[in-house]
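In my numbering, the protein residues as written are 3 to 238. Don't be surprised by glycine CBs; every beta carbon is placed ideally from N, CA and C. What follows is a single structure, written as structure tokens, with notes after it.
Here it is, written out as structure tokens:
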């Protein structure tokens, strides 16, 4: 009984984590947000396993509307959005929906975020455009950070090297893309002040008052899909 319940809970915490959304893409127009959003169903069918089903549906609905069920780990709520996969945006080479995704569990992302407090003048943090008190480091393209010390270890391993970070700003309510220059930081011991970054950082949880096993009750949970070959690419 216990194993069955545990497996059932885990099955409803699976989805495609949205890692990046390109400007003016179909995903962007549908209001899909990087880091916080997971694609958990397409046209009412739950995405409980990593398969080609999502990709197949995107191809089948090129230039036609489809419905996506999205779960937000920030809002701890689900929503349904309409999106039209199309190549008719940007330079035509950005894919059908213009976002990068990976299949995982909701709780397989960061358990910790790092709040940027005071930022010293002339520091690497200031030069990178980090904003005091309103910025939070929520991730990195190099891998998942789960513990409080992971960011510090990453900084120490990249002294003098460009370090790309995902940064959420509480005032703008947006995640700044890791590929943009203003969030590439270069840890430096010789910038003229204390620390490698020149900012005070407080590790904290990004989720307050969260149910540890969120459920998405409005999904048709009986509509599941069989296991198919794994999707090889993560840019759609």
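For this session: Mind listing, in chain order, the continuous alpha helix (DSSP H) runs of no fewer than 4 residues lying wholly within the stretch 108 to 150?
Result: Scanning the stretch 108 to 150 from its first residue to its last, the whole alpha helix (DSSP H) runs of 4-plus residues come out as 126 to 129.
Exercise. Grouping DSSP H, G and I as helix and E and B as strand, with all else coil, what is residue 11?
Worked result: Here residue 11 scores only 48 on pLDDT, less than 50, and its place in the model should not be relied on; the value that follows carries that caveat. In the structure shown, residue 11 sits in a helix (DSSP, three-state: H, G or I).
For this session: Go ahead and label residue 6 buried or exposed: buried means 16 or more other beta carbons lie within 10 angstroms of its beta carbon, across all protein chains shown.
Result: Legend: pLDDT at residue 6 = 39, less than 50; position of this residue unreliable, value from coordinates given subsequently. Exposed is the call here.
Exercise. By how many angstroms is the C-alpha of residue 54 removed from the C-alpha of residue 137?
Worked result: If I take the Cα positions, the gap works out to 36 Å.
Exercise. Leaving out five residues before and five after residue 74 in sequence, what residues of the same chain have Cβ atoms less than 6 Å from its Cβ?
Worked result: Taking C-beta separations shorter than 6 Å and ignoring five residues to either side along the sequence, the partners of residue 74 in its chain run 38, 39, following chain order.
Exercise. In angstroms, rounded to a whole number, what distance separates the CA positions of residue 83 and residue 172?
Worked result: Distance between the alpha carbons of residue 83 and residue 172 is about 24 Å.
Problem set entry | residue 161 classed as buried or exposed, judged by whether at least 16 other C-beta atoms fall within 10 angstroms | Exposed, because fewer than 16 other Cβ atoms sit within 10 Å of the Cβ of residue 161.
For this session: State the CB to CB distance for the pair residue 98 and residue 36, rounded to an integer number of angstroms; the pair is presumed to be in contact (CB under 8 Å).
Result: 17 Å between Cβ atoms; not a contact.
Problem set entry | Residues sharing a beta bridge with residue 23, DSSP | DSSP lists 101 as partners of residue 23.
Problem set entry | residue 68 vs residue 45 beta-carbon contact at 8 Å | Cβ atoms of residue 68 and residue 45: closer than 8 Å.
For this session: For residue 68, write down the residues that DSSP places opposite it in a beta bridge.
Result: 85.
Exercise. Of all the options 198, 48, 25, 61, which has the alpha carbon lying nearest to the alpha carbon of residue 18?
Worked result: Of the candidates 198, 48, 25, 61, the residue whose Cα lies closest to the Cα of residue 18 is 48.
Problem set entry | residue 56, DSSP secondary structure in three states | Correct three-state label for residue 56: helix.
Exercise. According to the neighbour-count rule (16 or more other Cβ atoms, all chains shown, within 10 Å of its Cβ), is residue 174 buried or exposed?
Worked result: The C-beta of residue 174 has fewer than 16 other C-beta atoms within 10 Å across all chains shown, which makes the residue exposed.
For this session: Compute the beta-carbon to beta-carbon distance between residue 199 and residue 185, rounded to the nearest angstrom, for a pair I have assumed lies under 8 Å.
Result: With a Cβ gap of about 12 Å, residue 199 and residue 185 do not count as contacting.
Exercise. Would you call the CB atoms of residue 41 and residue 66 closer than 8 Å?
Worked result: The Cβ atoms of residue 41 and residue 66 do not sit closer than 8 Å to each other.
For this session: Please work out which residues of its chain come closer than 7 Å, Cβ to Cβ, to residue 76, disregarding the five sequence neighbours upstream and downstream, and give them in chain order.
Result: Excluding sequence neighbours, residue 76 sits near 38.
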